[in-house]
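Trainee: Got a structure for you, questions after.
There are 2 protein chains.
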Amino acid sequence: MTAPLHEAHPAGPGRVLPDTQQGMRRRNLARVMHSVSAEGPLSRAAVASRIGLTRAAVSTLVDELIRTGLLEELGPERPGRVGRPGSALAVSGHGPAGIGAEIGVDHLAVCAVDLRGQVRARAVRHGANRGCSPEPVIEELTGLVRRVVAEAEREGLWPAGLAVAVPGLVARDARTVVRAPNLDWRDTDIGALLPTDIPLTVDNEANFGALAELWLGERTPHDFLHVSAEIGIGAAVVVAGGLLRGTRGFAGELGHVPVQPEGPACPCGGRGCLEQYAGEEAVLRAAGLEPGEDRVGLLAGRAAEGDEDVRGALREAGKALGIALTGAVNLLDPESVVLGGALAGLAPWLLPSLEAELDRRTAGPACPVSVSRLGPEGPLLGAAHSVVRAVLDDPAAVAERA
Amino acid sequence: MTAPLHEAHPAGPGRVLPDTQQGMRRRNLARVMHSVSAEGPLSRAAVASRIGLTRAAVSTLVDELIRTGLLEELGPERPGRVGRPGSALAVSGHGPAGIGAEIGVDHLAVCAVDLRGQVRARAVRHGANRGCSPEPVIEELTGLVRRVVAEAEREGLWPAGLAVAVPGLVARDARTVVRAPNLDWRDTDIGALLPTDIPLTVDNEANFGALAELWLGERTPHDFLHVSAEIGIGAAVVVAGGLLRGTRGFAGELGHVPVQPEGPACPCGGRGCLEQYAGEEAVLRAAGLEPGEDRVGLLAGRAAEGDEDVRGALREAGKALGIALTGAVNLLDPESVVLGGALAGLAPWLLPSLEAELDRRTAGPACPVSVSRLGPEGPLLGAAHSVVRAVLDDPAAVAERA
DNA sequence: ACTAATTTGTAAACCGCCATGACGAAATAG
DNA sequence: CTATTTCGTCATGGCGGTTTACAAATTAGT
């Protein structure tokens, strides 16, 4: 598959395709898919008025999409309006499916999502992967993928792509894990290890989490900052409905924004980086806890019980986050900041000091901070949905493979 | 003219036009213009191979562009290659011109730039505008514009648009100055005051400066951070060849990134903002100088003479800039950082400490920092060129007005 | 010098895609 | 039960790029 990566710029149906009539047709097919997908069942006439084509043109586009199994005719609408009722069109629930997979530090998960966005199959395996060599882990993952694909196929779906979320840095080829500190993996070519003919994409779990927020979040805007803490503290920058990746793919390293220029030294070479104040280790240390398994759950539990040491540590972390985010917000002027991943669970204790800091340092109304309701499912869903989006963005490409 | 503002997303010829055959034609006209403009004189065949259309198609496109006066046929090429030589095409030097204007704190300037990028007419008026009410200033500006337009017309050009750079915040309508502290203007509708029928755009001078760097800089990449200090310290974020403006148009406020969380209070409400260390006033104070006219020139002069107080102040400013930029670079992973505007002149004394700070705080190779060679001309040229780019981006629109 | 090969630009025929306009179908309004 | 409205489709047409063919202009080779 040619780059289903959701970059910042070719967002949505405005993809760059050769400007010939075929390209035009492809883009218009995409626009039909997007409008039906976004606005529920729609008649041909409704689609036409939305995307600015004539009913006749939309008719032929829809015909093609139905023939290739991407759209379905639900039958006549029954509205109270005058005139002949339209025939409702919906995105197919029996066509291509996006397979999402997640390699977590202590679990593996796979799911299949249909074009309607429904999760139709899933499989999970708990157990630590930390320190395991890639081969057995990916072998297990392959098994889960097979099970999920088989289940999806029983429901009439076929896998259009496989997207894998990993807790680490991924090379620009979207196949190789450059470095995954929490797994102790380096330069691992997932593509080579995963025996499947489904088109594969690999990306950072934080990126997929942010995309999930963008696509699935309830009132998520087009431009926001998605902050998560899995490996270090990462901020995915979403601009105009796309992810900003940076020239080397390193964008979003909020964890190494200086918060206190002469603060404690950081492995990155800097001093007083955010991670020295709000990173997992730093917070555990400040709370007087030992690093271990499920550290985030531990923190949340203690905080909920009222442990003042933990709460104080989280307050300080929130403050540091607020300072770093002030800088980011000043630079990017996003519509909102969303706390996701592990931070979502700790939000109740982070938010007050975080928002206070942001507020006090901002002239005028401060940037609103919200908490993701996707929770730990974000990256997995984002991965699966990235495949679905790729199909919506270029249905013709997928039709050829069907 | 509908929004010739160069936003981050619809960058270059990939503008969003209705996906009908006419839109296709318009986009292809734009692609021809862009390729001829970017790669010097080109034959039809060369253009065709570059933009991926057939020679026949390009022929008709070129015909249309020649008819409307946007392209010129220079005559046969004389290359040493086999085969019939092509006929060289160049962007017209007698068609539309972009009129750029700048309202500075102590000068007014206007220039006309043809499609080839050549400055064909200019007018300047020195003298302080600080504290003057908008009406007389803009009346004077109007006079300069008229003179420049008249001179351009004598050379066979016609004004396709007028872009005005102002030292202040501009509303999203691209006509009204919300606040220009150094001029003491507020909510000034430039469009209403400037009696001309040339399509008008108003934008911040820092934005135009960054765009100038993007379009005219020698080896400027597609993604960079352009830092300038005119009113406060601003960083224009250029992503994929477009300006990132933020939801409210406030993006790039580097001046209020926290550098020392408990540093001196800033009028913005924060503490230890970059401006408290590297802002004009702060540097002058640290150098033991009085604020006055041409403060930047004064600083540069003293520093060049070897004044250690001044040099020390600039060293400290560079350090603070380095800290703030570390954050920005971590967040955005740009290809480079460019110092422009007033900072360009002070670069020799800012750079060492700035780069040292950036280097020391970055793991791996630090983001390269360069200095704009456009100097104080940047905003004016950027303004004029923004009109030229708008013509290249949609030649059909301008052909209708010709 | 003369032919072969190569490349350019254009013209004619063709195909694909959307717009236009007309029509039958299916609902509501009176 | 008729007039009106809206939907989906069909036939026609225009527009835009491609394909194919060809003349023009140059270099390479003998």
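Residue numbers (the working numbering), protein chains in the order written: chain A, 1 to 402; chain B, 1 to 402. We put the beta carbon where it would ideally sit given N, CA and C, even for glycine. Computed from a prediction, not measured in an experiment: that's the story for all the values here.
Could you spell out the range, first to last residue, of the alpha helix (DSSP H) harbouring GLU72 (chain A)?
Mentor: Sequence index remark: in the first sequence, residue 72 (chain A) carries index 72 (1-based). Segment 71-76 is the beta strand (DSSP E) holding GLU72 (chain A); no alpha helix (DSSP H) there.
Trainee: If you reduce the DSSP assignment to three classes, tell me which class GLY270 (chain A) lands in.
Mentor: As a working note, residue 270 (chain A) is residue 270 in the first sequence. GLY270 (chain A): coil per DSSP, three-state reduction.
Trainee: Based on DSSP bridge pairs, tell me the residues matched to GLU102 (chain B).
Mentor: In the second sequence, residue 102 (chain B) corresponds to position 102, counting from 1. Beta bridge pairing from DSSP links GLU102 (chain B) with B:ALA109, B:ALA165.
Trainee: Can you check whether the C-beta of ALA48 (chain A) is within less than 9 Å of a C-beta belonging to chain B?
Mentor: Taking the first sequence and counting its residues from 1, the one referred to as residue 48 (chain A) is at position 48. No, because no Cβ of chain B sits closer than 9 Å to the Cβ of ALA48 (chain A).
Trainee: Tell me, please, whether the CB atom of GLY340 (chain A) is closer than 9 Å to any CB atom in chain B?
Mentor: For the purposes of this step, residue 340 (chain A) is taken as the residue at position 340 of the first sequence. It does not: the Cβ of GLY340 (chain A) has no partner Cβ on chain B nearer than 9 Å.
Trainee: Can you look up GLU151 (chain B) in the DSSP assignment and give me helix, strand or coil?
Mentor: Position 151 of the second sequence holds residue 151 (chain B). Correct three-state label for GLU151 (chain B): helix.
Trainee: According to a CB-to-CB cut-off of less than 8 Å, which residues of the region 326-356 of chain A neighbour chain B?
Mentor: THR326, GLY327, ALA328, ASN330, LEU331, LEU332, ASP333, PRO334, GLU335
Trainee: Let me know if THR54 (chain B) comes out buried or exposed under the rule of 16 or more other beta-carbons within 10 Å of its beta-carbon.
Mentor: If you number the second sequence from 1, residue 54 (chain B) lands on position 54. Its Cβ having fewer than 16 others within 10 Å, THR54 (chain B) is exposed.
Trainee: Specify whether the region 342-350 of chain A and the region 383-391 of chain A touch according to this definition: at least 3 beta carbon pairs, one from each stretch, less than 8 Å apart.
Mentor: no
Trainee: Along the chain, where does the alpha helix (DSSP H) that runs through ALA212 (chain B) open and close?
Mentor: Within the second sequence, the letter at position 212 stands for residue 212 (chain B). Per DSSP, the unbroken alpha helix (DSSP H) holding ALA212 (chain B) starts and ends at 205-216.
Trainee: Grouping DSSP H, G and I as helix and E and B as strand, with all else coil, what is GLU335 (chain B)?
Mentor: If you number the second sequence from 1, residue 335 (chain B) lands on position 335. GLU335 (chain B): coil per DSSP, three-state reduction.
Trainee: Pick helix, strand or coil for ARG389 (chain A), following the three-state DSSP scheme.
Mentor: Residue 389 (chain A) sits at position 389 when you count from the first residue of the first sequence. Note: ARG389 (chain A) maps to helix in three-state DSSP.
Trainee: Hey, could you find the ends of the beta strand (DSSP E) ILE233 (chain A) is sitting in?
Mentor: One-based indexing of the first sequence puts residue 233 (chain A) at position 233. It spans 232-239 - the beta strand (DSSP E) in which ILE233 (chain A) sits, taken as one unbroken run.
Trainee: Cβ closer than 7 Å: which chain B residues qualify as neighbours of HIS256 (chain A)?
Mentor: Reading the first sequence from its first residue, position 256 is the one you call residue 256 (chain A). The contacting residues are ASN330.
Trainee: So PHE250 (chain A) contacts chain B; which residues on that side make the cut at Cβ distance below 7 Å?
Mentor: Taking the first sequence and counting its residues from 1, one reaches residue 250 (chain A) at position 250. Close to PHE250 (chain A), with beta-carbon spacing below 7 Å, are these residues of chain B in chain order: ASP333.
Trainee: Okay, do the region 186-200 of chain A and the region 209-219 of chain A touch, 3+ Cβ pairs below 8 Å being the bar?
Mentor: no
Trainee: Who are the near neighbours of ASP359 (chain A) in its chain, counting only those whose CB is closer than 6 Å to its CB and skipping five residues on each side?
Mentor: Within the first sequence, the letter at position 359 stands for residue 359 (chain A). Counting only Cβ-Cβ distances below 6 Å, and skipping sequence neighbours, we find ALA366.
Trainee: Measure the beta-carbon distance from ASP63 (chain B) to GLY93 (chain B) and round it to whole angstroms, keeping in mind my assumption that it falls under 8 Å.
Mentor: The sequence position of residue 63 (chain B) within the second sequence is 63, counting from 1. The sequence position of residue 93 (chain B) within the second sequence is 93, counting from 1. Actually they do not touch by this definition, with Cβ atoms about 19 Å apart.
Trainee: Skipping 5 residues on each side, what residues in its chain have a beta carbon closer than 6 Å to that of VAL391 (chain A)?
Mentor: In the first sequence, the residue the question calls residue 391 (chain A) occupies position 391. Correct list, in chain order: PRO96, ALA160, VAL398.
Trainee: Under 9 Å, Cβ to Cβ, is there at least one residue of chain A near ASN204 (chain B)?
Mentor: Position 204 of the second sequence, counting from 1, holds the residue named residue 204 (chain B). No - not a single Cβ of chain A is within 9 Å of the one on ASN204 (chain B).
Trainee: Look up PRO159 (chain B) in the DSSP assignment and give the residues it is bridged to.
Mentor: Walking along the second sequence from the start, residue 159 (chain B) turns up at place 159. B:ALA97.
Trainee: Measure the alpha-carbon distance for ILE66 (chain B) versus GLY327 (chain A) and round it to whole angstroms.
Mentor: Residue 66 (chain B) sits at position 66 when you count from the first residue of the second sequence. Residue 327 (chain A) sits at position 327 when you count from the first residue of the first sequence. Taking the straight line from one Cα to the other gives about 50 Å.
Trainee: Measuring alpha carbon to alpha carbon, tell me which of B:TYR277, B:GLU281, B:ALA150 ends up nearest ALA123 (chain B).
Mentor: As a position in the second sequence, residue 123 (chain B) is number 123, starting the count at 1. If we check each option's Cα against that of ALA123 (chain B), B:ALA150 comes out closest.
Trainee: At 9 Å on the CB atoms, spell out the chain A contacts of MET24 (chain B), in chain order.
Mentor: Looking up residue 24 (chain B) in the second sequence gives position 24. Neighbours of MET24 (chain B) on chain A, chain order: ASP19, THR20, GLN21, GLY23, MET24.
Trainee: What are the partner residues of ALA229 (chain A), as DSSP defines its beta bridges?
Mentor: Here the question's residue 229 (chain A) lines up with position 229 in the first sequence. Looking at the DSSP assignment, ALA229 (chain A) forms a beta bridge with A:ILE233.
Trainee: Applying the criterion that 16 or more other CB atoms from any shown protein chain within 10 Å of the CB defines a buried residue, is ARG154 (chain A) buried or exposed?
Mentor: Numbered from 1 along the first sequence, position 154 holds the residue referred to as residue 154 (chain A). It counts as exposed.
Trainee: Using beta-carbon positions only, say whether ALA109 (chain B) and LEU144 (chain B) come within less than 9 Å of one another.
Mentor: Residue numbering aside, residue 109 (chain B) sits at position 109 when the second sequence is read from its first letter. Residue numbering aside, residue 144 (chain B) sits at position 144 when the second sequence is read from its first letter. Yes, Cβ-Cβ distance for ALA109 (chain B) and LEU144 (chain B) is below 9 Å.
Trainee: Would you be able to state if there are at least three C-beta pairs under 8 Å between the region 315-331 of chain A and the region 216-223 of chain B?
Mentor: Segments in contact, no.
Trainee: Is LEU157 (chain B) closer than 9 Å to SER228 (chain B) when the C-beta atoms are compared?
Mentor: Within the second sequence, residue 228 (chain B) is the residue found at index 228, counting from 1. Within the second sequence, residue 157 (chain B) is the residue found at index 157, counting from 1. Not closer than 9 Å, so no.
Trainee: Report all residues from its chain with a CB closer than 7 Å to the CB of THR188 (chain A); omit the five preceding and five following residues, and keep chain order.
Mentor: Residue numbering aside, residue 188 (chain A) sits at position 188 when the first sequence is read from its first letter. Cβ neighbours of THR188 (chain A) beyond the five flanking positions: PRO134, THR176, VAL177.
Trainee: Need the endpoints of the beta strand (DSSP E) that ALA90 (chain B) sits in, please.
Mentor: Residue numbering aside, residue 90 (chain B) sits at position 90 when the second sequence is read from its first letter. Per DSSP, ALA90 (chain B) belongs to the beta strand (DSSP E) from 87-91.
Trainee: Could you please give me the residues that DSSP links to THR201 (chain B) through a beta bridge?
Mentor: By one-based count along the second sequence, residue 201 (chain B) stands at place 201. Answer by DSSP bridge pairing, in chain order: B:ALA163.
Trainee: Contact check, ALA317 (chain A) vs TYR277 (chain A) under 8 Å by CB: the rounded distance?
Mentor: Position 317 of the first sequence, counted from the start, is the residue given in the question as residue 317 (chain A). Position 277 of the first sequence, counted from the start, is the residue given in the question as residue 277 (chain A). About 6 Å; that satisfies the 8 Å criterion.
Trainee: Please work out which residues of its chain come closer than 7 Å, Cβ to Cβ, to ALA236 (chain A), disregarding the five sequence neighbours upstream and downstream, and give them in chain order.
Mentor: On the first sequence, position 236 is the one that residue 236 (chain A) refers to. Answer for ALA236 (chain A): ALA206, ASN207, ALA210, HIS226, LEU243, GLY252, listed in chain order.
Trainee: Which residue marks the beginning of the alpha helix (DSSP H) containing LEU346 (chain B), and which one marks its end?
Mentor: Here the question's residue 346 (chain B) lines up with position 346 in the second sequence. If you look at LEU346 (chain B), you'll find it in the alpha helix (DSSP H) that goes 341-360.
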